[in-house]
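Take a look at the structure set out below.
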Ligand code: MRU
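In this note's numbering, the protein residues as written are 379 to 724.
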């Protein structure tokens with residue numbers, strides 16, 4: 379079992395994803411500001427994992443506060459929440475998680491400081507556990523869409539490392555393999571942070587699932603040769619109409635899939651669906667530091683005087699998506715209706 383993030387007595391422990399696969403190093407965070415920085419710097423990444431880290435970071439901030447009463451804590455709690463939500467704008471799980479913590483804080487305030495502390499710590503751990511359960515449910519629903527045998531392409535890392543465990547897109551792949559299907563995986567390397575080459579390859583190899591890494595620009599070549607039977611990706615935010623924001627390059631893969639008649643699936647928990655966002659047009663796309671593109675490691679690969687752009691995500695319109703696999707079942711087009719139905723018992 380891959381341990382991505384954990385709440386411990388000594389702090390929030392995270393596997394440092396910046397240095398995988400070369401080094402497997404766990405970092406312990408004892409200050410919420412360092413948790414926020416870890417999210418921003420991609421020590422931990424992937425929408426659901428960011429959500430869990432945010433909740434644990436907020437709980438850590440409250441645990442370590444010097445406030446003597448809840449009233450003393452109020453302003454500091456707002457700063458804690460703002461610092462954490464200020465890290466990455468696209469993954470909606472970050473805002474979802476802090477909203478859940480904020481609402482619990484309001485509901486437990488009248489019980490006093492100790493009760494608030496205990497409630498927030500317990501909630502962050504519950505969110506960790508629920509995320510793994512959601513991934514297992516997605517796996518059960520999603521694996522039924524896969525062929526008994528075949529090659530599945532994925533982009534970025536939507537695996538155990540991007541969640542509390544098991545994964546969304548890679549969770550569906552894991553579930554298919556556990557169900558006896560003979561699945562092989564093509565992993566796009568996913569420039570510039572190389573989540574596919576470094577992380578997806580690492581965790582699938584760890585589980586003994588056959589994986590081949592290709593550079594992002596090879597996907598069309600293999601689709602044209604008939605070597606890819608399906609595509610599955612995760613999501614950072616899904617709008618109410620089914621448009622999906624995910625790692626930059628996902629949109630190109632979806633267009634290629636349409637051209638070649640290959641099914642394109644998205645796997646994401648309900649916490650990734652932003653029902654207040656009518657379409658993908660309104661989703662804020664994180665613009666990251668161009669230096670992450672300009673260099674590979676410490677090696678300069680673009681002349682220093684040439685500008686570099688670095689949008690970290692793109693939006694795939696829902697018309698390219700065959701199904702959205704969630705922890706409450708599979709939503710099919712038209713998504714405005716099927717997504718609404720997923721939430722009808724809330
Ligand atoms: O920049 P990242 O690595 O946080 O981007 C991650 C992705 O785009 C994932 O596909 C998405 O968050 C889903 S993770 C289950």
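C-beta: ideal position from N, C-alpha, C; glycine also. Since this is a predicted model, take the numbers as computed values, not measurements.
Once DSSP output is grouped into helix, strand and coil, what is the label at residue i?
i           : result
residue 389 : strand
residue 665 : strand
residue 693 : strand
residue 600 : helix
residue 686 : coil
residue 706 : coil
residue 564 : strand
residue 608 : strand
residue 717 : helix
residue 642 : strand
residue 528 : strand
residue 559 : coil
residue 676 : coil
residue 615 : strand
residue 622 : strand
Rounded to whole angstroms, what is the Cα-Cα separation between residue i and residue j?
i           : j           : result
residue 573 : residue 407 : 23 Å
residue 492 : residue 391 : 23 Å
residue 673 : residue 584 : 28 Å
residue 542 : residue 684 : 39 Å
residue 713 : residue 512 : 20 Å
residue 646 : residue 636 : 21 Å
residue 720 : residue 520 : 15 Å
Can we count residue i as close to the ligand MRU, meaning its CB is less than 8 Å from some heavy atom?
i           : result
residue 473 : no
residue 625 : yes
residue 535 : yes
residue 426 : yes
residue 691 : yes
residue 394 : no
Leaving out the 5 sequence neighbours to the left and right, which residues in its chain are closer than 6 Å to residue i when beta-carbon positions are compared?
i           : result
residue 458 : 410, 436 and 439
residue 710 : 701 and 716
CB-CB under 8 Å to residue i, same chain, minus the five flanking residues each way: which ones, in chain order?
i           : result
residue 532 : 547, 548, 551, 563, 564, 565, 566, 574, 578, 609, 610 and 611
residue 403 : 393, 394 and 397
Excluding the 5 residues preceding and the 5 following residue i in the sequence, name in chain order all residues of the same chain whose CB lies nearer than 7 Å to its CB.
i           : result
residue 535 : 424, 573, 574, 577 and 578
residue 498 : 436, 437, 440, 479, 482 and 483
residue 428 : 417, 422, 466, 469, 471 and 472
residue 420 : 395, 396 and 571
Per DSSP, residue i is paired with what?
i           : result
residue 404 : 393
residue 589 : 563
Using a Cβ-Cβ cut-off of 9 Å, state whether residue i counts as contacting chain E.
i           : result
residue 541 : This model lacks chain E altogether; it includes just one protein chain.
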